[in-house]
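*Asks:* Residue numbers (our numbering): 39 to 701. Starting off with a structure, shown below.
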């Protein structure tokens, strides 16, 4: 008999052992499923124990009484252990301990073995057929419920079936009789049938659990991708905005402070362009690590995008934010070892502190960005605090940009012209076109204010194209020997559209190319000198003239004259303003005039405001003068009156001045 049992167990173990490797999470779920319903264990204990007691009571056999008592004790103990498991699980984080699985297995097998033993004793000791029916029914119903309840552990369920049905089958065979033998064989076959059902149920349960676990893992993965930057591992923009929103929503008091530091790496683009994006990405990872160390639990680091990081510091005041900014500056000052390169970087930071600087997270971020803009324009490698004047400037900039777009679309821009006079004849030789704009609500806006806005908003190109076309049309009404000069923004030198715009303006107006003069400043030579040279050469091939404006104010004045050909040099008004008192200014002005004569180019002394400056410019050898003492910039209508008086030479410049004043 023992050999039969061992053989049966070996066959069942080989047939129904799990073939798939279960993850720790799935195994933990299976263990928790065993203890999921203490009530079902209690009902099973009561029903099994009650039937065992009834059978023992009717059989009047001491052994069966002992077995019945053990069934009840083991059943109730299993129920109590399930309740204890649920309570322990409620106070425990993480997976259940493996000992709980072993404890359940032992309890289940002992309980099943006691039921099987009670059934065997009833069939072999008692002659009462009613008790036989109760015993067989008890174990059969128990075995039938096992496959569903314990399907998570196939070996437990198969063991319970064997421990209940095998003794019952043996008891039926011993009892003899055709009916008992047939029933005994069926009980034996039932072991295999229930084992197959258990295996099928186990597969279904396992697939469901694995699918749930995969979905859970996928959800965790997507949540991490949604909240954390895939490159640096710190929070991303979305998580940062959610954190800020939660901080404002959960404030206990309106006075609770939260500091936001918006940081941007200085000249990071140069590293990317010269060393490659791989080195740049590695540098960003190291920067994120240093930022996390610098904060030291004082806040949270998030990568906003590119080389921008945002630091959120709850409960941090303005003074404390300054300290944090200083800590970050110091920790970033050390060299970075990236891909075999020794890199040194710096960062600019903008600081905004709620509630003074923002009523919500979006406003606080916007104001920190404005402070960052101020820090970068102040020279980089520094931080700046937000103040409300920055907001006022931003609002005005936005209003002017919107107004510029409307003015350009509706033809509200104007050109005023300031004449340039020949120092020998006193005649107007050039008229410089200067853009003017009268805002419908704000009035006249200074070009010093709206031109930089146009340059930063990509409006400068269409505005320049309009100015070129309008200036050429206006110049067609002047004498043939008068040129028109148009200022060209450095931003346009980098585009291919400037030569096309010039050609288009000349063709549409019919103006000869030699009557158009383009004025450029020295700042165009600070970057990409080869491209600048190509554009300037293409402009000269068209036949127009080039003037170097504000000469002497940049870093490459002499270099520009050496590498590029100009027709006119315009000396900046800052030098002419001091020629009456400052010997250095006089020396510089004389040197430029001498240099221009040597290079055989014309000169213009800008900013002539007094008769003394005018007399000095003429005596020094400047070929042309321009300034308020002769004429302010005037609309095209007033310019025509000046040009009408320009037909006769005026050899006496003093007489010219008197003539202008009388006019």
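Positions of the beta carbon are idealized from the N, C-alpha and C atoms, including for glycine.
(1) Taking one C-beta from the region 339 to 348 and one from the region 300 to 313 each time, how about it: are there three or more such pairs within less than 8 Å?
(2) Short of 6 Å in beta carbon distance, which residues of its chain neighbour residue 512, apart from the five on each side in sequence? Order them along the chain.
(3) Given a cut-off of 9 Å on the beta-carbon distance, is the pair residue 332 and residue 267 in contact?
(4) Report the residue from 636, 505, 243, 643 whose alpha carbon sits nearest the alpha carbon of residue 608.
(5) Taking C-alpha atoms, which residue in 368, 376, 423 lies nearest to residue 359?
(6) In whole angstroms, what separates the C-alpha of residue 432 from that of residue 556?
(7) With contact counted as at least three CB pairs below 8 Å, one residue from each stretch, are the region 265 to 282 and the region 307 to 323 in contact?
(8) Would you check if there are 3 or more beta carbon pairs closer than 8 Å linking the region 144 to 154 to the region 104 to 115?
(9) Starting from residue 358, trace the alpha helix (DSSP H) both ways and give me its first and last residue.
(10) Considering only residues of the same chain and omitting the five flanking positions on each side of residue 279, which have a CB-CB separation below 7 Å?
(11) Going by the DSSP bridge assignment, what does residue 586 pair with across the sheet?
(12) According to DSSP, what are the bridge partners of residue 338?
(13) Below 8 Å, how does it come out for the region 438 to 455 and the region 475 to 495: are there three or more Cβ pairs, yes or no?
(14) Assuming residue 370 and residue 384 make a contact with CB atoms under 8 Å, what is their CB distance in whole Å?
(15) On the DSSP letters alone, give me the boundaries of the beta strand (DSSP E) that residue 473 sits inside.
(16) Nearest-angstrom Cα distance between residue 702 and residue 378?
(17) Let me confirm a value: residue 519 is counted as buried when at least 16 other C-beta atoms fall within 10 Å, else exposed. Which label applies?
(18) In this structure, does DSSP put residue 702 in helix, strand or coil?
(19) Quick one, are the C-beta atoms of residue 516 and residue 403 less than 9 Å apart?
(20) Would you kindly check if the distance between the Cβ of residue 664 and the Cβ of residue 452 is under 9 Å?
(21) Suppose contacts are defined by Cβ-Cβ distances below 9 Å. Is residue 641 in contact with residue 661 by that definition?
(22) Could you check the C-alpha separation between residue 205 and residue 95 for me, to the nearest Å?
(23) Using the beta-carbon count (16 or more within 10 Å), is residue 682 buried or exposed?
(24) On the three-state DSSP scale, how would you describe residue 514?
(25) Let me confirm a value: residue 522 is counted as buried when at least 16 other C-beta atoms fall within 10 Å, else exposed. Which label applies?
(26) Which parts of the region 86 to 166 are runs of the alpha helix (DSSP H), unbroken and 4 residues or longer, counting only runs that do not cross its ends?
(27) Only counting the same chain, and skipping five residues up and downstream in sequence, which positions put a Cβ closer than 6 Å to that of residue 146?
(28) Within its chain, find whatever has a CB closer than 7 Å to the CB of residue 392; leave out the 5 residues flanking it on each side and keep chain order.
(29) Would you decide whether residue 58 is buried or exposed? Buried here means 16 or more other CB atoms lie within 10 Å of its CB.
(30) Whose C-beta lies closer than 6 Å to the C-beta of residue 160 among residues of the same chain, with five residues either side of it excluded?
(31) Can you tell which of 443, 143, 389 has the C-alpha that lies nearest to the C-alpha of residue 428?
*Replies:* Walking through what the data contain:
(1) Under the Cβ criterion (8 Å, minimum of three pairs), the region 339 to 348 counts as touching the region 300 to 313.
(2) The residue given as residue 512 occupies position 474 in the chain shown. Correct list, in chain order: 674.
(3) The residue given as residue 332 occupies position 294 in the chain shown. The residue given as residue 267 occupies position 229 in the chain shown. It is not a contact, given that the beta carbons lie outside the stated cut-off.
(4) On the chain shown, residue 608 is found 570 positions in, with the first residue counted as 1. Of the listed residues, the one whose Cα sits closest to residue 608 is 643.
(5) Here residue 359 refers to the residue found at position 321 when the chain shown is read from its first residue. If we check each option's Cα against that of residue 359, 423 comes out closest.
(6) Within the chain shown, residue 432 is the residue found at index 394, counting from 1. Within the chain shown, residue 556 is the residue found at index 518, counting from 1. Straight across, the Cα-Cα distance linking residue 432 with residue 556 is about 32 Å.
(7) With a cut-off of 8 Å, the region 307 to 323 and the region 265 to 282 count as touching, because enough Cβ pairs lie within range.
(8) Three or more Cβ pairs closer than 8 Å define a contact, and the region 144 to 154 meets that threshold against the region 104 to 115.
(9) Here residue 358 refers to the residue found at position 320 when the chain shown is read from its first residue. Unbroken alpha helix (DSSP H) run through residue 358: 356 to 370.
(10) Along the chain shown, read from residue 1 onward, the residue named residue 279 stands at position 241. So the list reads 399, once near-sequence residues are dropped.
(11) The residue you call residue 586 lines up with position 548 of the chain shown. Bridge partners of residue 586: 558, 607.
(12) The sequence position of residue 338 within the chain shown is 300, counting from 1. Paired residues: 350.
(13) With a cut-off of 8 Å, the region 475 to 495 and the region 438 to 455 count as touching, because enough Cβ pairs lie within range.
(14) Translated into the one-based positions of the chain shown, residue 370 becomes position 332. Translated into the one-based positions of the chain shown, residue 384 becomes position 346. Rounded, the Cβ-Cβ distance is 7 Å, consistent with contact.
(15) Position 435 of the chain shown, counted from the first residue, corresponds to residue 473. For residue 473, the enclosing beta strand (DSSP E) has its first and last residue at 466 to 477.
(16) As shown, the chain starts at 39 and ends at 701. That puts residue 702 outside it, with no answer to give.
(17) As a first step, residue 519 must be located in the chain shown, where it is residue number 481. By the 10 Å Cβ count, residue 519 comes out exposed.
(18) Within the shown structure, residues of the chain are numbered from 39 to 701, placing residue 702 beyond reach of any answer.
(19) As a first step, residue 516 is located in the chain shown; it is residue number 478 there, counting from the start. As a first step, residue 403 is located in the chain shown; it is residue number 365 there, counting from the start. No. Outside cutoff.
(20) Counting from 1 along the chain shown, the entry for residue 452 is found at position 414. Counting from 1 along the chain shown, the entry for residue 664 is found at position 626. The criterion of a C-beta distance shorter than 9 Å is not satisfied by residue 452 and residue 664.
(21) By 1-based counting over the chain shown, the position of residue 641 is 603. By 1-based counting over the chain shown, the position of residue 661 is 623. Yes, Cβ-Cβ distance for residue 641 and residue 661 is below 9 Å.
(22) What you label residue 205 is simply residue 167 of the chain shown in a count that begins at 1. What you label residue 95 is simply residue 57 of the chain shown in a count that begins at 1. The straight-line gap from Cα to Cα measures roughly 21 Å.
(23) Residue mapping note: residue 682 aligns to position 644 of the chain shown, counting from 1. Residue burial is scored here from C-beta neighbours: residue 682 has fewer than 16 other C-beta atoms within 10 angstroms and is therefore classed as exposed.
(24) For the purposes of this step, residue 514 is identified with residue 476 of the chain shown, where counting begins at 1. Residue state, collapsed to three classes: coil.
(25) Indexing the chain shown from 1 puts residue 522 at position 484. Flag for residue 522 reads buried.
(26) Listed in chain order, the complete alpha helix (DSSP H) runs (minimum 4 residues) inside the region 86 to 166 are 100 to 128, 136 to 163.
(27) Taking the first residue of the chain shown as position 1, residue 146 is located at position 108. Around residue 146: 194, 198.
(28) The residue given as residue 392 occupies position 354 in the chain shown. The residues are 295, 296, 402.
(29) Here residue 58 refers to the residue found at position 20 of the chain shown. Note that residue 58 has pLDDT 46, beneath the 50 cutoff, so the model's placement of it is unreliable and the number below is only indicative. With fewer than 16 Cβ atoms within 10 Å of its Cβ, residue 58 is classed as exposed.
(30) Indexing the chain shown from 1 puts residue 160 at position 122. Once the five neighbours on either side are set aside, the close Cβ partners of residue 160 are 93, 169, 173.
(31) Residue numbering aside, residue 428 sits at position 390 when the chain shown is read from its first letter. If we check each option's Cα against that of residue 428, 389 comes out closest.
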